[in-house]
Every structure is written in C-alpha cells, then in structure tokens.
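**Q** Numbering (UniProt numbering), first residue to last: 1 to 558. Even for Gly, the Cβ is constructed at its ideal location relative to N, Cα and C. Nothing here was measured: the structure is a model prediction, and the numbers come from that model. Below is the structure I would like to discuss, written out as structure tokens.
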Amino acid sequence: MDKLNSPSTKVIHQAIMEIKEPIVFQQMLQNEKGEYYWKLLEWNLSELAEKFGDIKLPFRIGYNAGTMSPQWEVNCSIVSMTLLDFIQNMNSHEDNKEWYYFDYKYMQEWFKDKPEIINSINWERFNIDKTGNDSTLWIGSKGAHTNCHQDSYGCNLVAQIHGRKQWLLFPPNSSNFLQPTRIPYEESTIYSKYNFFCPTKEDEINILKIEDTARLITLEPGDVLFVPPGWWHYVESLELTVSVNIWLPIITDNISRVKEAIVKLIVAKIGKDVSNVPDESDCINLLNIAVEECKTVANVDLSAKRKKRIAWTAKDLATKYPAYVKLLHELSRTKLEEFVKMKRERFSENYIDLLKDNSETDSDAKNTYSFVQHTTENIVNALCHPDVVNKVTELLGLDNAGKTTVLKRINGEPIDTISPTLGFNIKTLEHRGYKLNVWDVGGQKSLRSYWRNYFESTDGLIWVIDSADRRRLEDCKIELYKLLQEERLEGASLLILANKQDLPGALSASDIAEILELPSIKTHHWQIYKCSAVTGENLVEGINWIVDDISARIFYID
Numbered sequence: 001m002d003k004l005n006s007p008s009t010k011v012i013h014q015a016i017m018e019i020k021e022p023i024v025f026q027q028m029l030q031n032e033k034g035e036y037y038w039k040l041l042e043w044n045l046s047e048l049a050e051k052f053g054d055i056k057l058p059f060r061i062g063y064n065a066g067t068m069s070p071q072w073e074v075n076c077s078i079v080s081m082t083l084l085d086f087i088q089n090m091n092s093h094e095d096n097k098e099w100y101y102f103d104y105k106y107m108q109e110w111f112k113d114k115p116e117i118i119n120s121i122n123w124e125r126f127n128i129d130k131t132g133n134d135s136t137l138w139i140g141s142k143g144a145h146t147n148c149h150q151d152s153y154g155c156n157l158v159a160q161i162h163g164r165k166q167w168l169l170f171p172p173n174s175s176n177f178l179q180p181t182r183i184p185y186e187e188s189t190i191y192s193k194y195n196f197f198c199p200t201k202e203d204e205i206n207i208l209k210i211e212d213t214a215r216l217i218t219l220e221p222g223d224v225l226f227v228p229p230g231w232w233h234y235v236e237s238l239e240l241t242v243s244v245n246i247w248l249p250i251i252t253d254n255i256s257r258v259k260e261a262i263v264k265l266i267v268a269k270i271g272k273d274v275s276n277v278p279d280e281s282d283c284i285n286l287l288n289i290a291v292e293e294c295k296t297v298a299n300v301d302l303s304a305k306r307k308k309r310i311a312w313t314a315k316d317l318a319t320k321y322p323a324y325v326k327l328l329h330e331l332s333r334t335k336l337e338e339f340v341k342m343k344r345e346r347f348s349e350n351y352i353d354l355l356k357d358n359s360e361t362d363s364d365a366k367n368t369y370s371f372v373q374h375t376t377e378n379i380v381n382a383l384c385h386p387d388v389v390n391k392v393t394e395l396l397g398l399d400n401a402g403k404t405t406v407l408k409r410i411n412g413e414p415i416d417t418i419s420p421t422l423g424f425n426i427k428t429l430e431h432r433g434y435k436l437n438v439w440d441v442g443g444q445k446s447l448r449s450y451w452r453n454y455f456e457s458t459d460g461l462i463w464v465i466d467s468a469d470r471r472r473l474e475d476c477k478i479e480l481y482k483l484l485q486e487e488r489l490e491g492a493s494l495l496i497l498a499n500k501q502d503l504p505g506a507l508s509a510s511d512i513a514e515i516l517e518l519p520s521i522k523t524h525h526w527q528i529y530k531c532s533a534v535t536g537e538n539l540v541e542g543i544n545w546i547v548d549d550i551s552a553r554i555f556y557i558d
C-alpha cells in the first residue's frame, strides 16, 4: 500500500471542516500492511456477537414491502434480542419480509461495562480525539433504512464496519424540492415527505424535479463517508450491516440550536395531535438557553482560526490524495430516474397499507380526525419551514454579520466575547489624525425602523456583510438600497466590508458586488473590501479608503 502520499491527520481535519461536498475516505483505517487500526474492523460477525454477549439490543421492525408513506421510526414496533440471535435469525430466512434496525444508539450507553468494545474504535486518523464513548452504532438487516432527512446540527463521519450500505445524498439547496416536514417530530432531524424506500409514482415525479445533482455511493467495509452540514441523505442496508458514526460540531451550531428550539416550541404548542413532543415549558427553557448561548459565545473560536490560505475543496483533496479520497458518483437525471424507478418497482407485488384499520370505529369520526390531523400537520410544517424559522431567529436578535467585531478590531479591543447589538454603541476612533465618531447600530429587523434616528450629519456609511451567508444577501440588498434613498445620507461615502472571509464558503468581494448590483450605484462613492474581523484582513485598508473619500469631499480647495 502506498503511504507516501497519504494525507496527514491535520490536513484531513482541516478538509472536513472546510469542504462543502461529501467524500469517501478509503484505506484511511489501515496501516502499511493493510491491517486495520480499529479492532472493530478486525472482528467478524461471530466474534462481534461473542464480544456483545447477552446484551439484548432493541431492533426496530419494518417491512420489505411497498407502502404509500415512509415507514416512520416512531411507528415501528420494537423487538429485543442479542446480536447472536439477530445474526442467526437473518441467516435462517432467505427472503425476510421484515427488516430490523438497531440504529442511532450511543455505544457508551449500551457497552459502558465492556471497555474492549468502546475502545475498539478511535477517530485519531481524522485528528479527532474521540472513541466509542462519543460514537453511535448502527446494525441492520437487508432493507433496514433511514428515511431521507437533513440533520440540523454539525457534520458527521460514518465508518462502514460490515456489509454494504447505500447512500443517496442531495445538496442543502434541494430542501424545497424535497418537501421538508417536521411531522413526525424528531429533534435535530428534518424529514422529506417522500418515500425513497419504495416511492409512489407521485413521489418519483417530484423527486425528478430536484434541480441539484444527487450523489450516490455504496459503502464497503473500511470506507469512511464524510457528510457535510445540511446535506440530505437516504440510507439503506443492502445486506446485514454494521456501521459507526460521529457527529462533529461546527461554528454555526449555536444558531441552529435556537432554530431547533423554536421548532420544538411550535410543535409542542400546536402539534400535540400529530407528534409526541416534550413539555411546553421545557421547550421555552431550551429556547432561552439557546438564545443566551448565542449572546455570550464568542463570534468565532480564536484558538481554531486558520492561517490565510485557500480552503480545501472536495475535488482538490481527491486530486491530491487519489488513493485515499474519492468523490461520490454524480447522478444524471436519467440515472436518478433509473434509481427511483427500481426502488418503486421492486415491491410491486408486495404492497401493504400501514394505515389499514379493521376496528369498528365510526368512519365519519375517523375521517374527521384525519382531516384535523392533516390540517394541523400542514400548519406545523408551514410555521416550521426553514425560511420562517430563519426570520424568527433574526427577530430574536441574532443578526451576526460582525459589525461590532469589526469596530472592536479596528479600535484594538478584545473580540473574544461579543453579543448581538441590541440598540447602538458609540465609539470615537482616532485614525491618521482624524477623529471618527462611529455609531454601531444593531442590524436585526426589529431595530431597522430606528436606523433613521442616526442619519443626521452622516458623512460615511460602513455596511458590513456576512460573506459566508449567501441566503441573507437578497435581504441585505433590499435594506442597503432603502438607505441610499434617504435624503440625509445623500452623498455619503459607502464602504462595504465583505466580512468573515476566514470562514469556508465565503463569497468573494466581486461575487458580492455582482449580487448587490453595486456598479449601478451612481449617487454615492462606494468601495468594497473583502475582510475578516477575526484576522484583521483589510480592515485598515477599508478605513483608509473611507477617510480619504470623506476628506476629499469635505476638505476641498475653492
């Protein structure tokens, strides 16, 4: 095995924190001799069953059959058995009509008294100091699957231990095409309404409308899949499988926790008839905690900031380390159609109705309940739509473009603890012999109606943009052009700071200028600089420009 061009643990960790597309690591868990670093990968199924011993594991039961709707986890029955019993049961039935899934179980909860199992894996090869204590275990029979969904938090690594597992993934931008639903409610999980295990004809038609390119991969033992933040995924066991995964936090998780707390509160408040949810007071407490976390947490973890360099892309990593990093196969529309059609037709003669009810319940009563349930579900999904939740989050004061951080960095103040600006801050900066009176005004929607109070005698406007949040740029453009129409800002110099260039995925200054249509501005002198409040990049250059432009306009010679 050629280890001369293997990526270092530092490179791997940098890459998985930066790349925006899924990739598969191969041979990463093996040494030069082809031996596995993980004991878990060395044990065969019989040895693994022996290690597990008499521990009875709860397996969800589903059907290898066609159904009109997805086989939701909350509706599955549970059976407990040892791993040995499970393996023997699967081997004794050639055509199982049911599938079994021990899924999403933290290893330390089930094997805390079996350190050999806990320590049989570690994530050191990815520069992550974690073991089985921090990992989840997934054991499934052929047909066991996880319905198509998007995770609210972080990113994750999935290591395939035994058997083959198929992953179908869609980019984050596919959300509206995938009919996101929060019913049934499961924390941090946004489901698609479509049944990818056995799509209906209507499902197939809608899935083929997805504009973004899907990715498909079948994981083999020893493969490690990286799933970036926000990627939708449907996962199915093609045979008896064992896999482990670990979730990795990302810098925006604090905002995501606020959004998830909002969703949980909405579901608890009006969705009691359609989903099992926690107590409403618990939801409110969770929301308060999440908001406070956002107000006290640092804008960025300075200990983790990167040197100036080009961020890794999936293509670059795979090109540099071809023996270890593989890009996922991109499905053309034709190939996606073939995939979905195969899933739809495989159970054409084995179809069951999960909703069938043979009870004597009055049909009118059942129809009324079904109508109420359907209406409630639609309301919950409308209120929990990502666009709605994003707006609510903004109104809670989580604007986070970095205006205050920029100001403090320019003034030489510490930036390790910064809260959203709820109102305004006033700073006097001395720069090149000039005194600059700066009003740092909160950017939240709830405060924008008060901006006009600060326009009197304004010589320059500094507009700070979060370059890493493309979704906010349209709103940013609308608000900027409203300001430029203000009579009291007529002729004011306009400096646009494209902040957060230190974050992966940040748009370039030229891209932002194009999106905001800056060249069309003829009423104000303007300039845009890419910058980072964390590293200090281009902040002084930006201030120099606006000072020069203001002074040239004000202190002219008759």
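Please determine, among Gln160, Ile207, Val258, the residue with the shortest C-alpha to C-alpha distance to Leu225.
**A** Ranking Gln160, Ile207, Val258 by Cα distance to Leu225 puts Gln160 first.
**Q** Quick check on this structure: which residue in Phe59, Cys155, Trp545 has the alpha carbon closest to the alpha carbon of Asp253?
**A** Nearest option by C-alpha distance: Cys155.
**Q** Run the CB neighbour count on Asn378, radius 10 Å, all protein chains shown included, and call it buried at 16 or more, exposed below.
**A** That one is exposed.
**Q** Could you check what DSSP says for Met17 in three-state terms: helix, strand or coil?
**A** Looking at Met17 - three-state DSSP - the assignment turns out to be helix.
**Q** Here's the rule: buried if 16 or more other CB atoms are within 10 angstroms of the residue's CB, otherwise exposed. What is Ala382?
**A** Its Cβ having fewer than 16 others within 10 Å, Ala382 is exposed.
**Q** How about Leu461 and Leu483: are their beta carbons less than 8 Å apart?
**A** Cβ distance < 8 Å, so Leu461 and Leu483 count as in contact.
**Q** With DSSP as the reference, please indicate the residues paired to Lys530 in a beta bridge.
**A** Paired residues: Ala498.
**Q** Based on Cα-Cα distance, which residue from Trp167, Tyr153, His149 lies nearest to Ser243?
**A** Closest option to Ser243, Cα to Cα, is Trp167.
**Q** Short of 6 Å in beta carbon distance, which residues of its chain neighbour Lys114, apart from the five on each side in sequence? Order them along the chain.
**A** Cβ neighbours of Lys114 beyond the five flanking positions: none.
**Q** Does the stretch 95-109 come within contact of the stretch 51-64, defined as at least 3 CB pairs closer than 8 Å?
**A** Touching, per the Cβ criterion.
**Q** Taking Cβ positions, are Gln30 and Asp223 nearer each other than 8 Å?
**A** For Gln30 and Asp223, no; Cβs fall outside 8 Å.
**Q** By the three-class DSSP mapping on this structure, what secondary structure does Asn64 have?
**A** Coil at Asn64, not helix or strand.
**Q** Evaluate the contact criterion for the stretch 5-12 versus the stretch 318-329: three or more CB pairs, one atom per stretch, below 8 Å.
**A** The stretch 5-12 vs the stretch 318-329: in contact.
**Q** So if DSSP puts Met81 in a beta bridge, which residue, or which two residues, is it bridged to?
**A** In DSSP, Met81 forms a bridge with Leu57.
**Q** What do you get for Asp387, buried or exposed, if any count of 16 or more other CB atoms within 10 angstroms of its CB means buried?
**A** Looking at its Cβ environment, which holds fewer than 16 other Cβ atoms inside 10 Å, Asp387 is exposed.
**Q** If we ignore side chains and look at the alpha-carbon of each, how far apart do Ile118 and Lys130 end up?
**A** Cα to Cα, Ile118 sits roughly 10 Å from Lys130.
**Q** Looking at the secondary structure, which residues open and close the beta strand (DSSP E) in which Asp466 lies?
**A** Counting along the chain, the beta strand (DSSP E) containing Asp466 begins and ends at 460-466.
**Q** Which whole runs of the alpha helix (DSSP H) in the stretch 501-527 are 4 residues long or more, in chain order?
**A** Taking only runs of at least 4 residues, the alpha helix (DSSP H) segments lying wholly in the stretch 501-527 are 509-515.
**Q** Count Cβ pairs between the stretch 190-210 and the stretch 64-80 that sit closer than 8 Å; are there 3 or more?
**A** Short answer: they touch.
**Q** For the alpha helix (DSSP H) that contains Ala323, what are its first and last residues?
**A** First-last for Ala323: undefined, no H or E at that position.
**Q** When DSSP labels each residue in this structure, what does Gln373 get in the three-state scheme?
**A** Gln373 falls in the helix class under three-state DSSP.
**Q** Span of the alpha helix (DSSP H) holding Glu236?
**A** No alpha helix (DSSP H) contains Glu236, which is instead part of the beta strand (DSSP E) from 232-237.
**Q** Does DSSP classify residue 559 as helix, strand or coil?
**A** This structure does not reach residue 559, given that the chain is present from 1 up to 558, and the question cannot be answered.
**Q** For Tyr37, does the three-state DSSP call read helix, strand or coil?
**A** Reduced to three states, the DSSP call for Tyr37 is coil.
**Q** Could you check which residue in Asp353, Leu480, Tyr191 has the C-alpha nearest to that of Leu178?
**A** When each option's Cα is compared against that of Leu178, the closest is Tyr191.
**Q** Take Leu219 as the anchor and find which of Glu239, Glu204, Thr213, Pro228 has the nearest alpha-carbon.
**A** Checking every option, the nearest Cα to that of Leu219 belongs to Glu239.
**Q** Taking the Cβ atom as the reference point for each residue, do Ile188 and Tyr153 lie within a distance shorter than 8 Å?
**A** Before going on, a small fix: residue 188 reads as Ser here, not Ile. Against a cut-off of 8 Å, the Cβ pair of Tyr153 and Ser188 comes out as a contact.
**Q** Leaving out the 5 sequence neighbours to the left and right, which residues in its chain are closer than 7 Å to Ser77 when beta-carbon positions are compared?
**A** Ile61.
**Q** Residue ranges of each beta strand (DSSP E) run of no fewer than 3 residues wholly in the stretch 172-210, ordered along the chain?
**A** Listed in chain order, the complete beta strand (DSSP E) runs (minimum 3 residues) inside the stretch 172-210 are 180-186, 189-192.
**Q** Please name the residue in Glu42, Ala261, Gly505, Asp95 whose C-alpha comes closest to that of Ala314.
**A** Selected option, being the one with the closest Cα: Gly505.
**Q** Between Arg215 and Ser493, what straight-line distance do the alpha-carbon atoms span, to the nearest angstrom?
**A** Answer to the nearest angstrom: the Cα atoms are 47 Å apart.
**Q** Starting from the C-beta of Arg409, find all residues in its chain whose C-beta is less than 7 Å away, skip the five residues before and the five after it, and write them out in chain order.
**A** The answer, listed in chain order, is Ile415, Ala533, Gly536, Leu539.
**Q** In whole angstroms, what is the alpha-carbon distance linking Leu20 and Ile210?
**A** The amino acid at residue 20 is misidentified as Leu; the sequence shows Lys. Straight-line Cα distance between these residues: approximately 19 Å.
**Q** Roughly how many angstroms separate the alpha carbons of Pro7 and Phe126, rounded to a whole number?
**A** Computed Cα separation, rounded: 10 Å.
**Q** Run through DSSP, which three-state label would Arg333 get?
**A** Of the three classes helix, strand and coil, the one that applies to Arg333 here is helix, per DSSP.
**Q** Pop quiz: Ala509 and Lys522 are said to be a contact at Cβ under 8 Å. What is the actual Cβ separation, rounded to whole angstroms?
**A** Not confirmed; about 20 Å, so no contact.
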